[in-house]
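So the structure is just underneath, and the comments pick up after that.
Protein chains: 2
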Amino acid sequence: MDIKNKSITSRDEDFAQWYTDVCKKAELMDYTAVKGFIIYRPYGYAIWEEIQHYLDKEFKKTGHENVYLPVVINESLFQKEKDHVEGFAPECLIATIGGGQELQDRLIIRPTSECLFCEHYSHIIKSYRDLPKLYNQWCSVVRWEKTTRPFLRGSEFLWQEGHTMHASEDEARQETLRMLEIYDKMGRDLLAIPFVKGRKTEKEKFAGALETYSIEALMHDGKALQSGTSHYFGNGFSKAFGIQYLDKDGKIKNPYQTSWGVSTRLIGSIIMVHGDDNGLVLPPYVAPIQIVIIPIKMNEPGVLEKARALKEELANAGYRVKLDDSDKTPGWKFSEYEMKGVPLRIEVGPKDLANDSCMIHKRNDGTRTKYSLNGICDTVKELLATIHKEMYNAALKNLLANVTEVHTFEELKAVVDKGGYAKMMWCGDQACEDKIKELTNATARCIPFDQVPFDDHCPICGKKAKYVVLFAKAY
Amino acid sequence: MDIKNKSITSRDEDFAQWYTDVCKKAELMDYTAVKGFIIYRPYGYAIWEEIQHYLDKEFKKTGHENVYLPVVINESLFQKEKDHVEGFAPECLIATIGGGQELQDRLIIRPTSECLFCEHYSHIIKSYRDLPKLYNQWCSVVRWEKTTRPFLRGSEFLWQEGHTMHASEDEARQETLRMLEIYDKMGRDLLAIPFVKGRKTEKEKFAGALETYSIEALMHDGKALQSGTSHYFGNGFSKAFGIQYLDKDGKIKNPYQTSWGVSTRLIGSIIMVHGDDNGLVLPPYVAPIQIVIIPIKMNEPGVLEKARALKEELANAGYRVKLDDSDKTPGWKFSEYEMKGVPLRIEVGPKDLANDSCMIHKRNDGTRTKYSLNGICDTVKELLATIHKEMYNAALKNLLANVTEVHTFEELKAVVDKGGYAKMMWCGDQACEDKIKELTNATARCIPFDQVPFDDHCPICGKKAKYVVLFAKAY
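Protein sequences, first through last, are from chains A and B.
Under our numbering, think of the first position of the first sequence as 555, with each following residue one higher.
Under our numbering, think of the first position of the second sequence as 555, with each following residue one higher.
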């Protein structure tokens, strides 16, 4: 096993400091002169690019098209949907001067784009033939925050926002759940994160939505992180923005709407689900560098040549591979790429030349094993698949061990204080949610899809219970 | 030959209106409620995505890494480099309110990111080992404009901005030219546009740069369009932002800087170089849809099956292909995809079933030829290559026919009024440039790399000539 990396705080000693240390030391981000805004450094941005590639393909496969809408929204347009503007107003950054002149209609820097999409849709949707419209946008959004943390809460983050319009309520509801399922699949296939899927309570849903669904991830410290949302809007915005179409039956109708998004918050999820005391641990399929090759005693004849040939072979097979032939010591390099969470490290030294072998180190469990260089591509393929499975299973095991059924408020408080989900039967009244929040700082994460009632009354008010709900403290 | 599409203005009648008609009718963009800001609709955005894929690969091949920096810049930071702020101040959109509070340090919505990159570089560049830094950013920028035209001049456009730092002046100069060469190659390989490469005059260079290089394209109406720039900064920003590193020789030094960018302006170039009276004509390798398949009499047995099989075969071979099996008439579809500039149209009808044939229409010259469906992938490959070559050659021919050597002011005026480049020997004094601008509205597009002097005095002032310069009216 590896020795703990001394350059970062221990994870169990101070989780918050450990997190910040990893963000900085793994060179994922940096702070900037603009308070609350961060730089996504090459290594952090590259993780986001892998997420983009994965999702963009899934979105296009399901018939979605990318568009780009303005970075600013007139204040007058933003105010068209009442609930929406109320939810976002306190977080708005507002431009008031353009070209040296005071603006008559002030411009809000995009916090989300429902209003712009709706305004556009009102121009291009005229007939049932124009439906559905399945648009997505990759961009950044600005939400003015007082306290910020890298990737988790910042005044600007990168995301995708899908905005779709449908002829029927049924089709729109299906779309809402279809996109949630794509996010969930991304967790299983790419991030090695098991999400809990469910519906948000009225209190926690998106401003202006009729229903919000989310994927929730459980961090190592027992706090939950909302990692993606999908909203069903009904036709409220449609009516507010005058989006109308002529249906087959000759009637004028308002279409039904959804929106859905994930953001660079997912990078925070990856760090806090998988990371350890040596730094980041990246799931293989989202890792910008999947394999790092470290030559040992690289000045001895043949070593560097072997390492280069190996790099070539792996790169040609489609792996994201890096050879570090800089003049740092191997030990220094080991620790650097462990900090960066590179899934596999291959060491090639003079002793390996004769018998065509190498040592392979797995970042996720620290094991180090001798392999033949013969058929190395197959070996690597298997190892990456194994690592992905091991990481997913470890996260799943942690999740399952941290969902606890509670029957009293005291039990709930004990669970959320320790960390993890308190699974509670709930009456459905916001008063009980508010009380829990006030006394424990935990919130209803979701009403999970998996509803198996285990009690008949709400432990907070004693009234009849309607839903199984997961409560937890959250980022 | 095709009949002129009546839904758009004729290109030779009113070029400006033709341009706007094509932008709208080909569904490349739409106007929004935010004055001066446009929507990049799916078809327009998809062209940008093809450009992104091409360039991103080239950038990464040459060692560049993507990053993301804040969308806003503190006014105080922006003011650090004097020439830079003077150039951009009149175009700034400024946020003054955040979270309901007036901001102490106002925030400029990013018009370009030199200042943010420099501030970041000042934190991460400490040693010669940290150089070079080769960063690129894909984002949008805002420049407040009074009069706007889709893709050519707008208050917001999409672009990439590369910002690099180098240990030596020589290396930075090489980088400046290397990136210009990548843009030029993109013209040859992807856009079928021959660019003129050259250096900008002092008057026309970028605010804060020591030297600006550009690629210039010639539009159908004889106006030039600056289509990409690459700047050499020396170490002016380096000094202003305190970027210092310890060199091998133990001395503290300021690194040398470049920046370079292309934007969605390139879409404007494509439209105005290649378009015709039937709409857009897209070069095959940048076309979001390379081939459209139109079934003829598609209710007759076997036709739709054949069309579907053909689509499958071409898609599997890696082509971007669309089958339009909607209930519109074939004639309607022909005109729609001609408007959208799809390079190849394949028609499959009942008569083609027996002898396994199809009709293929080339958008660029309107020819329509019978081909066997046997080996269709090879046929398509050849046809796309032919179209690309034909389009490039046509654009090159037009460019060469519109560069005219001039020896007097009157000759210059006649050339730029008619349209095209006036090639003039220039003394190097800005006064002569100013005079030309004042009297003809033409500007020095560039001092082309290809310098073959043909006269020994400047026709404006009569002094000794130093450079061959291309003057033209420009967008």
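Glycine included, each C-beta is placed from N, C-alpha and C at the ideal position.
#### Entry: chain A contact residues for residue 654 (chain B), given Cβ-Cβ distances below 7 Å
644
### Task
Please state if the CB of residue 679 (chain A) and the CB of residue 799 (chain A) are separated by a distance shorter than 8 Å.
Remark: C-beta atoms of residue 799 (chain A) and residue 679 (chain A) approach each other more closely than 8 Å.
### Query
According to DSSP, what are the bridge partners of residue 719 (chain A)?
A:687, A:811
### Proximal residues of chain B, C-beta to C-beta of residue 649 (chain A) below 8 Å
647, 648, 649, 650, 663
#### Entry: Neighbourhood of residue 957 (chain A) by C-beta distance below 6 Å, restricted to the same chain and skipping five residues each side
975, 977
### Message
Using a Cβ-Cβ cutoff of less than 7 Å, which residues in the same chain neighbour residue 934 (chain B) once the five nearest sequence positions on both sides are dropped?
### Response
845, 868, 873, 898
### Query
Do the CB positions of residue 903 (chain A) and residue 850 (chain A) come within less than 8 Å of each other?
One thing to note: residue 903 (chain A) has its Cβ within 8 Å of the Cβ of residue 850 (chain A).
### Task
Tell me whether residue 773 (chain A) sits in a helix, a strand or coil according to DSSP, three-state version.
coil
### Query
For a contact meaning CB atoms closer than 8 Å, what does residue 586 (chain B) contact in chain A?
Within chain A, the residues near residue 586 (chain B) are 623, 624, 670, 673, 674.
### Query
Distance, Cα to Cα, residue 871 (chain B) vs residue 931 (chain B)?
7 Å
### Message
Checking the sheet assignment: what are the DSSP bridge partners for residue 922 (chain A)?
### Response
A:915
### Query
If you run the structure through DSSP and keep just helix, strand and coil, what is residue 698 (chain B)?
Coil, per DSSP.
#### Entry: Supposed contact pair residue 673 (chain B) and residue 790 (chain B) - C-beta distance, whole angstroms, cut 8 Å
Actually they are not in contact, since the Cβ atoms of residue 790 (chain B) and residue 673 (chain B) sit about 15 Å apart, beyond 8 Å.
### Message
Can you look up residue 978 (chain B) in the DSSP assignment and give me helix, strand or coil?
### Response
strand
### Query
Along the region 797 to 831 of chain A, what residues have a CB closer than 7 Å to any CB found in chain B?
none
### Query
Can the beta-carbon of residue 1022 (chain A) be found closer than 8 Å to that of residue 1006 (chain A)?
yes
### Outcome for residue 830 (chain B) when other beta-carbon atoms lying within 10 angstroms are tallied against a minimum of 16
buried
### residue 848 (chain A) versus residue 602 (chain A): straight-line alpha-carbon distance, rounded
26 Å
### Query
Counting only beta-carbon atoms, is residue 639 (chain A) nearer than 8 Å to chain B?
Chain B, which has no Cβ nearer than 8 Å to the Cβ of residue 639 (chain A), makes this no.
### Task
For residue 596 (chain A), go through chain B and note every residue whose CB falls closer than 8 Å to its CB, in chain order.
619, 620, 621, 689
### Query
To the nearest angstrom, how far is it from the Cα of residue 695 (chain B) to the Cα of residue 986 (chain B)?
33 Å
### Task
Identify whether residue 556 (chain A) lies in helix, strand or coil by the three-state DSSP scheme.
Here the model assigns residue 556 (chain A) a pLDDT of 46, short of 50, so the residue's position is not dependable, and the following value carries that caveat. It is coil, neither helix nor strand.
### Message
Among the candidates B:826, B:1010, B:916, B:877, whose CA atom is the shortest distance from the CA of residue 575 (chain B)?
### Response
B:826
#### Entry: Secondary structure of residue 854 (chain A), DSSP reduced to three states
It is coil, neither helix nor strand.
### Query
Is the region 658 to 675 of chain A in contact with the region 621 to 633 of chain A, if contact means three or more CB pairs nearer than 8 Å?
yes
### Query
Given a threshold of 16 other Cβ atoms within 10 Å of its Cβ, counted over all protein chains shown, does residue 567 (chain A) qualify as buried or as exposed?
exposed
### Message
Quick check on DSSP: helix, strand or coil for residue 561 (chain B)?
### Response
coil
### Query
Are the C-beta atoms of residue 873 (chain B) and some chain A residue less than 8 Å apart?
no
### Message
Helix, strand or coil, according to DSSP, for residue 742 (chain B) in the structure here?
### Response
Note: residue 742 (chain B) maps to helix in three-state DSSP.
### Coil, strand or helix - residue 888 (chain B) by DSSP
helix
### Query
Are residue 685 (chain A) and residue 809 (chain A) close, meaning C-beta to C-beta below 8 Å?
yes
### Message
Using a Cβ-Cβ distance cut-off of 8 Å, determine whether residue 870 (chain B) contacts chain A.
### Response
no
### Task
Confirm, please, whether the CB-CB distance from residue 769 (chain A) to residue 815 (chain A) is below 8 Å.
no
### Message
Residues of chain A with CB closer than 8 Å to the CB of residue 700 (chain B), please, in chain order.
### Response
653
### Query
Expressed to the nearest angstrom, what Euclidean distance is found between the alpha-carbon atoms of residue 714 (chain A) and residue 801 (chain B)?
42 Å
#### Entry: Reduced DSSP category for residue 666 (chain A) - H, G, I as helix; E, B as strand; rest coil
Shown here, residue 666 (chain A) sits in coil according to DSSP, grouped into three states, outside any helix or strand.
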